[in-house]
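Participant: I have a structure here, written as structure tokens, and I will follow up with some questions on it.
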Amino acid sequence: MDGKNVVELYIPRGARQGDRIVIANEADQKPDQEPGDVIFVIVETAHDVFDRAGADLKADLHISLAEALTGFNRVVLTHLDGRGIQLNIKQPEGKVLRPGQVLKVPGEGMPMKRSDAKGDLYLVVEIEFPEDGWLKDDAAIKRVRDVLPSSEPEEEVPEEIEEVDFEWDADPEEFGADSDDPRAGGEWEDDDDEAGGPQCATQ
Numbered sequence: 007m008d009g010k011n012v013v014e015l016y017i018p019r020g021a022r023q024g025d026r027i028v029i030a031n032e033a034d035q036k037p038d039q040e041p042g043d044v045i046f047v048i049v050e051t052a053h054d055v056f057d058r059a060g061a062d063l064k065a066d067l068h069i070s071l072a073e074a075l076t077g078f079n080r081v082v083l084t085h086l087d088g089r090g091i092q093l094n095i096k097q098p099e100g101k102v103l104r105p106g107q108v109l110k111v112p113g114e115g116m117p118m119k120r121s122d123a124k125g126d127l128y129l130v131v132e133i134e135f136p137e138d139g140w141l142k143d144d145a146a147i148k149r150v151r152d153v154l155p156s157s158e159p160e161e162e163v164p165e166e167i168e169e170v171d172f173e174w175d176a177d178p179e180e181f182g183a184d185s186d187d188p189r190a191g192g193e194w195e196d197d198d199d200e201a202g203g204p205q206c207a208t209q
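First residue of the sequence shown: 7, per the numbering used here; consecutive thereafter.
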């Protein structure tokens with residue numbers, strides 16, 4: 007007659023994808039044979055906020071353009087244990103936050119197995135820009151321009167200047183799409199990474 011056993015499974019703090027938990031001698035039993043083991047393999051499910059690598063966690067830090075420029079002091083996310091994580095970014099004389107910048111919060115990652123230590127939390131800055139049309143009149147535009155740094159060009163202005171039309175929200179995948187050039191598509195690279203490489207000639 008077949009029987010059923012209830013097996014209690016303990017998953018240690020800090021367990022991660024691919025870890026194996028072995029319950030000895032709990033597999034199917036046959037006469038005159040020693041029962042085998044039951045092996046559980048940890049499979050992590052995706053989280054809405056956090057990504058994991060080892061004991062480190064990564065999450066997006068959503069801030070407004072005003073907060074990026076002037077700083078803030080508020081709870082930016084709720085951690086896995088329910089605590090609110092608060093950042094105090096002070097201005098003036100502080101640093102301006104930029105899109106893609108990464109802030110590291112030591113010791114706020116995942117627990118490490120068989121240890122009281124924790125990994126780190128990496129916050130990737132995502133700046134939420136104002137909606138189109140938020141500046142309602144020329145006076146408001148002037149006030150914003152007056153407080154922001156000047157954007158005067160550093161390079162010498164050419165003698166011949168032509169004002170050109172442009173398209174909003176162009177698709178980077180269309181770059182070189184009608185050619186067989188291997189650099190076509192969305193392979194955008196920072197010019198600083200190409201130092202010493204070939205330069206495009208002027209027309």
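Backbone N, C-alpha and C fix where the C-beta goes; we use that ideal spot for every residue, glycine too.
Please state whether the Cβ-Cβ distance between Leu119 and Pro18 is less than 9 Å.
Facilitator: The amino acid at residue 119 is misidentified as Leu; the sequence shows Lys. Yes, the Cβ-Cβ distance between Lys119 and Pro18 is below 9 Å.
Participant: Does the beta-carbon distance from Leu71 to Leu93 come in below 9 Å?
Facilitator: Contact flag unset, no.
Participant: If I'm right that Phe46 touches Arg22 with Cβ under 8 Å, what's the distance once you round it to whole angstroms?
Facilitator: Phe46 to Arg22, Cβ: 13 Å. No contact.
Participant: Closer than 7 Å by C-beta to Ile147: which residues in its own chain qualify, once you throw out the five before and the five after it? Chain order, please.
Facilitator: Excluding positions up to five away in sequence, the list reads Leu141.
Participant: From Tyr128 to Leu86, what distance separates their C-alpha atoms?
Facilitator: When rounded, the distance between both Cα atoms is 14 Å.
Participant: Secondary structure at Asp126, three-state DSSP: helix, strand or coil?
Facilitator: Reduced to three states, the DSSP call for Asp126 is coil.
Participant: Out of Ala123, Arg80, Asp138 and Pro112, which has the shortest C-alpha to C-alpha gap to Trp174?
Facilitator: Minimum Cα distance to Trp174 is reached at Asp138.
Participant: List the DSSP bridge partners of Val81.
Facilitator: Its beta-bridge partners are Gln92.
Participant: Could you tell me the boundaries of the beta strand (DSSP E) in which Val111 lies?
Facilitator: Its beta strand (DSSP E) spans residues Val108 to Val111.
Participant: Among the residues of its own chain, which have a CB less than 7 Å from the CB of Ala61, if the five just before and after it don't count?
Facilitator: Excluding sequence neighbours, Ala61 sits near Gly20, Gly115, Met116, Met118, Lys124 and Gly125.
Participant: Here's a check: name, in chain order, each residue in its chain whose Cβ is nearer than 6 Å to the Cβ of Gly113, leaving out the five neighbours to either side.
Facilitator: Cβ neighbours of Gly113 beyond the five flanking positions: Lys124.
Participant: Of the choices Gly106, Gly100 and Ala59, whose alpha-carbon is the least far from that of Ile69?
Facilitator: The candidate whose alpha carbon is nearest that of Ile69 is Gly106.
Participant: If contacts are defined as beta-carbon pairs under 8 Å, then Val108 and Val81 qualify, I think. What distance do you get, rounded to the angstrom?
Facilitator: No, Val108 and Val81 are not in contact; Cβ-Cβ is about 19 Å, not under 8 Å.
Participant: Which stretch, first to last residue, makes up the beta strand (DSSP E) that contains Arg26?
Facilitator: Residues Arg26 to Ile29.
Participant: In chain order, what residues of the same chain lie with their CB nearer than 6 Å to the CB of Asn97, ignoring the 5 residues before and after it?
Facilitator: Checking the displayed sequence, the identity of residue 97 turns out to be Gln instead of Asn. Cβ neighbours of Gln97 beyond the five flanking positions: Thr76 and Gly77.
Participant: Throw me the rounded Cβ distance for the Leu83 and Ile91 pair, which I believe falls under 8 Å.
Facilitator: Between Ile91 and Leu83 the Cβ distance is about 5 Å, and since that is below 8 Å, they are a contact.
Participant: Does the Cβ-Cβ distance between Asp54 and Lys64 come in under 9 Å?
Facilitator: Against a cut-off of 9 Å, the Cβ pair of Lys64 and Asp54 comes out as no contact.
Participant: What residue does the alpha helix (DSSP H) around Arg262 start on, and which one ends it?
Facilitator: It is not possible to answer for residue 262, since the shown part of the chain is limited to 7 through 209.
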